[in-house]
Structure formats: C-alpha cells, structure tokens
Amino acid sequence: AQKVTQAQTEISVVEKEDVTLDCVYETRDTTYYLFWYKQPPSGELVFLIRRNSFDEQNEISGRYSWNFQKSTSSFNFTITASQVVDSAVYFCALKYNFNKFYFGSGTKLNVKP
Amino acid sequence: GAVVSQHPSWVICKSGTSVKIECRSLDFQATTMFWYRQFPKQSLMLMATSNEGSKATYEQGVEKDKFLINHASLTLSTLTVTSAHPEDSSFYICSARDRESYGYTFGSGTRLTVV
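So the sequences go chain by chain: A and H. Position one of the first sequence corresponds to residue 306 (the working numbering), numbered consecutively onward. Position one of the second sequence corresponds to residue 2 (the working numbering), numbered consecutively onward.
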C-alpha cells in the first residue's frame with residue numbers, strides 16, 4: 306500500500322526564518338516519483354519539484370531545497386529566509402502504479418511579517 | 002509551459018441538479034486525465050482516471066453513476082456531478098498527463114457548492 310505522511314499540520318514562522326516541511330512515504334514499488342506542490346488560497350496546485358526513486362541528489366532552487374533520503378523514506382522540503390508569499394498549503398505526493406498520485410494530508414505554512 | 006484550463010472555477014447549484022466541469026489541456030495532448038476531490042482542509046483524493054476514448058476507471062468508493070466522466074478527445078475531459086446533493090460540495094481538481102513529455106499538470110480547480 307502507498308502512504309504519504311506529513312506529520313506537521315500547520316507551521317507558523319516569522320518572515321526570514323528558515324522552515325522545513327517533513328514528508329515520509331511508504332511504497333513497495335522500486336520505481337516511484339515524489340513531488341512537492343504548493344496550494345495557495347486560490348486553490349490551484351503549483352508544481353515545485355519532482356524526484357525519481359533513483360535520484361537521491363539533493364536539490365536547491367533559489368530559497369527552496371529538498372532532501373531526499375531513501376534510507377529513511379523521507380523527502381523533506383526547506384524554505385530558507387521565508388517570505389509572506391510562501392504562505393500556503395504544501396503537499397507532498399507519491400506517484401506510483403505508473404499514473405496514480407497519493408497525496409499527503411498537507412502542511413499549512415503561515416509566514417508572518 | 003503546459004497549461005490545463007478548468008472551468009468553471011466555482012459553481013453554485015441547487016440540490017438535485019447536475020453540474021458539468023470541464024478540464025482542457027491547452028497546449029498539449031493528454032491521453033490520460035485524472036479527477037481529484039478535496040474537502041476543506043483535507044488532502045486531494047483521486048476519484049477516477051479517464052483515458053481518451055475509453056471508460057473511466059473509478060477508485061474504490063466513488064460512485065460512477067453519480068460522477069460521470071467523459072474523455073472524448075485528447076484535450077478535453079469532463080466530470081458531471083449528477084443529482085448533486087450538499088454533501089457533494091467540494092473542491093474538484095483535474096490533472097492531465099502529457100502524452101509526449103509524460104508530465105502532469107493540474108488545473109486550477111472548481112469549487113462546487115450545492116445548496
């Protein structure tokens with residue numbers, strides 16, 4: 306069975322603080338993909354990153370960075386120097402069985418000025 | 002980049018009526034589209050997978066007679082909520098898989114309120 310756990314329901318930080326959003330996944334597939342999406346209040350899903358199961362290299366994109374560790378089945382997301390515009394719900398997702406996505410429950414990030 | 006247009010973005014309907022939601026890939030062809038449902042403050046749950054020219058595959062617990070899906074072309078899938086009831090009120094979001102790049106793009110979602 307597939308499972309994605311985002312244990313942090315809601316996080317509040319003050320602008321310029323760094324924040325890490327946790328994601329732990331379970332799957333029996335040897336080939337899978339992991340994603341992070343941002344969902345602002347308007348509702349659309351904004352793609353942030355995709356990682357396949359064979360690529361454990363960490364990635365940095367501007368203020369965003371991702372730490373993928375297969376040994377702990379984790380795919381954590383860090384925002385450095387957070388900004389108010391980062392406030393949103395962030396979803397970690399697992400793509401399995403060729404086409405299906407399993408989304409975590411989401412972490413609501415509040416960045417206060 | 003790839004764009005998926007979902008229409009309408011919000012709709013209010015009376016209980017017992019049917020509502021159609023469109024999901025259209027604007028600049029790519031999508032052999033497969035997906036429909037998700039999201040209750041307030043909850044995650045997205047896959048409802049069904051639609052393949053162009055064939056019947057949709059529904060996830061367990063999703064009533065196929067209530068949520069009619071049609072994927073008549075490579076750029077359009079529709080979800081019709083039939084005989085809507087207040088408990089069908091939710092945020093519905095579609096996703097399309099690019100047949101060339103295999104990338105997935107989500108629509109902007111439709112907020113359905115049944116009164």
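Note that the Cβ used here is the ideal one computed from N, Cα and C, for glycine as well.
Please compile the residues from chain H whose C-beta is within a distance smaller than 7 angstroms of the C-beta of residue i.
i      : result
A:K375 : Residues of chain H passing the Cβ test: none, with the nearest at roughly 22 angstroms.
Taking only beta-carbon atoms, is residue i less than 8 angstroms away from chain A?
i      : result
H:F107 : yes
H:R38  : no
H:R112 : yes
H:R100 : no
H:T33  : yes
Can you look up residue i in the DSSP assignment and give me helix, strand or coil?
i      : result
H:T83  : coil
A:S376 : helix
H:E23  : strand
H:D99  : strand
H:E88  : helix
H:V116 : coil
H:V4   : coil
A:V389 : helix
A:S317 : strand
A:C328 : coil
H:S78  : strand
Starting from residue i, find everything on chain A with Cβ-Cβ shorter than 8 angstroms and list it in chain order.
i     : result
H:F92 : G348
H:T76 : Here the premise fails: no neighbours, minimum Cβ distance about 18 angstroms.
H:S44 : F396, F408, G409, S410, G411
Going along chain H in order, which residues have a C-beta closer than 8 angstroms to the C-beta of residue i?
i      : result
A:G367 : By Cβ distance, chain H contributes nothing, its closest Cβ being about 17 angstroms from A:G367, past 8 angstroms.
Residue i CB to nearest chain H CB: under 8 angstroms?
i      : result
A:F408 : yes
A:R381 : As written in the sequence, residue 381 of chain A is Asn, which differs from the Arg given in the question. Output row for A:N381: interface = no.
A:N402 : no
A:F359 : no
I believe residue i touches residue j by the beta-carbon criterion, under 8 angstroms. Please report the beta-carbon distance rounded to the nearest angstrom.
i      : j      : result
A:Q307 : A:T332 : 5 angstroms
A:S387 : A:K321 : 7 angstroms
H:I94  : H:G110 : 4 angstroms
What in chain A is Cβ-close to residue i, meaning under 7 angstroms?
i     : result
H:T50 : N404
H:L47 : K405, F406
Would residue i count as contacting chain D if we go by Cβ distances under 8 angstroms?
i      : result
H:T106 : Here the protein chains are A and H, and chain D is not one of them.
* Asked: Should the stretch 7-16 of chain H be called in touch with the stretch 332-340 of chain A, which here means at least 3 C-beta pairs below 8 angstroms?
  -> no
* Should the stretch 26-43 of chain H be called in touch with the stretch 66-79 of chain H, which here means at least 3 C-beta pairs below 8 angstroms? -> As far as the Cβ criterion goes, the stretch 26-43 of chain H touches the stretch 66-79 of chain H, which means the pair count is three or higher.
* To do: Determine, using beta-carbon pairs with one atom in the stretch 44-54 of chain H and one in the stretch 408-417 of chain A, whether at least three such pairs fall under 8 angstroms.
  => yes
* Decide yes or no for the touch test of the stretch 395-405 of chain A against the stretch 80-96 of chain H: beta carbon pairs closer than 8 angstroms, at least 3 of them. => Judged by pairs of C-beta atoms under 8 angstroms, the stretch 395-405 of chain A does not touch the stretch 80-96 of chain H, as fewer than three such pairs exist.
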